[in-house]
Each structure stands twice: as C-alpha cells, then as structure tokens.
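Numbering (this note's numbering), first residue to last: 81 to 225.
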C-alpha cells in the first residue's frame, strides 16, 4: 500500500469515527428518547447532499478534571453550510451524544465561526440547541467563544 493510499485510508477511518459523535450506544439512547442525532437533524432539514461540514476534527482544549485524553468528537457541535429550497444557510447543531452537547471553548468557537460566516455572507443562520449547558470542567473558558 502506498503512502498516499494509507493516508487516505486513515482519513476515511478518522472521518467515519468522528461522524459517529458519541458512538453507536449514545446515538441509540438519543433515538430511544425520541431525539434525532445532530447530523440527522441537519440532513433532514437541508436539501439532500447540500451539507458541507466545517471543523469536523476540532478537539477540546480542557486540562484537568479528567479531561486529558478524552475524545469529544467535534467538541460536541456540528457546524457547516447547506441549502434549503436552493437558498444558502449556515447551520449548527449541538450533539448531545458528545458530553451532553455541553459548551466548551472550542465548541463555542465553532458556533461563533459559523455565526461570523453567516453574517459576512448575509445568509440565515439556523441553530439547533441540544445541550446540558456549559462544560464545568473548562470553567469560565467554556464561555470564551
């Protein structure tokens, strides 16, 4: 296997893991409570195939309180752009399957990134909130988006 093929394979594996959010068990629990996972909410709202996700591989920066080494896919929020009836929109959806969708510093930065983009491009922004609140392990930094 060539280096390029290996790197492409690694990227595909990393992407497949990241889009699972908190994992199959957490997604099943979400569905059992009658709630769709974040990406499914986005996909049902936007035109088919129009969603372009930003910052899929963002990781939290929390230190202490057992957070070192914890994998929080996308830091618990999905952001991107897409279309509704052919019209462009910015969108974010908090992912409750990842740390209860709690707001951390990188989570907040992702949301403000798509807010800034939508404002700059003069397009509507849709926010789908499903969060347990601020991530206490990050203290006041969780609000520093």
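Quick reminder that beta carbons are idealized off the backbone N, C-alpha and C, glycines included.
Because the structure is a prediction, the values reported are computed rather than measured.
Review point. To which residues of the same chain is residue 138 closer than 7 Å at the C-beta, ignoring the five residues directly before and after it?
Key: Working through the chain shown from its first residue, we reach residue 138 at position 58. So the qualifying residues of the chain are 154, 155, 186, 190.
Check your understanding: From residue 171 to residue 162, what distance separates their C-alpha atoms?
Key -> On the chain shown, position 91 is the one that residue 171 refers to. On the chain shown, position 82 is the one that residue 162 refers to. As the crow flies, the alpha-carbon of residue 171 is around 8 Å from that of residue 162.
Point to revise | residue 207 in three-state terms, based on DSSP | key: Against the chain shown, residue 207 aligns to sequence position 127. It is a strand residue.
Point to revise | Where the alpha helix (DSSP H) containing residue 108 begins and where it ends | key: Counting from 1 along the chain shown, the entry for residue 108 is found at position 28. Per DSSP, residue 108 belongs to the alpha helix (DSSP H) from 104-112.
Exercise for review: Hey, could you find the ends of the alpha helix (DSSP H) residue 192 is sitting in?
Suggested key: The residue you call residue 192 lines up with position 112 of the chain shown. Per DSSP, residue 192 belongs to the alpha helix (DSSP H) from 185-201.
Review point. Of the residues 111, 95, 164, 178, which one's Cα is nearest the Cα of residue 131?
Key: Along the chain shown, read from residue 1 onward, the residue named residue 131 stands at position 51. Distance check between residue 131 and each of 111, 95, 164, 178 places 164 closest, using alpha-carbon atoms only.
**Study point:** Nearest neighbour of residue 120, chosen from 85, 100, 135 [CA to CA]
**Key:** To locate residue 120, count along the chain shown from 1; it is residue 40. Residue nearest to residue 120 within the set 85, 100, 135 is 100 (criterion: CA-CA distance).
**Study point:** Three-state class that DSSP yields for residue 181 in the structure shown
**Key:** Residue mapping note: residue 181 aligns to position 101 of the chain shown, counting from 1. Looking at residue 181 - three-state DSSP - the assignment turns out to be helix.
Exercise for review: Please confirm whether residue 118 and residue 169 have their CB atoms less than 9 Å apart.
Suggested key: For the purposes of this step, residue 118 is identified with residue 38 of the chain shown, where counting begins at 1. For the purposes of this step, residue 169 is identified with residue 89 of the chain shown, where counting begins at 1. Not a contact, by the Cβ cut-off of 9 Å.
Point to revise | CA nearest to the CA of residue 167, picked from 173, 198, 188 | key: Against the chain shown, residue 167 aligns to sequence position 87. When only C-alpha atoms are compared, the closest one is 198.
Check your understanding: If you draw a straight line from the C-alpha of residue 193 to the C-alpha of residue 179, how long is it?
Key -> The sequence position of residue 193 within the chain shown is 113, counting from 1. The sequence position of residue 179 within the chain shown is 99, counting from 1. One alpha carbon belongs to residue 193, the other to residue 179, and they sit about 21 Å apart.
Exercise for review: Starting from residue 124, trace the alpha helix (DSSP H) both ways and give me its first and last residue.
Suggested key: As a first step, residue 124 must be located in the chain shown, where it is residue number 44. Taken as a continuous stretch (DSSP letters only), the alpha helix (DSSP H) holding residue 124 covers 118-125.
Check your understanding: Roughly how many whole angstroms lie between the Cα atoms of residue 84 and residue 94?
Key -> For this step, residue 84 is matched to residue 4 along the chain shown. For this step, residue 94 is matched to residue 14 along the chain shown. Roughly 15 Å between the two C-alpha positions.
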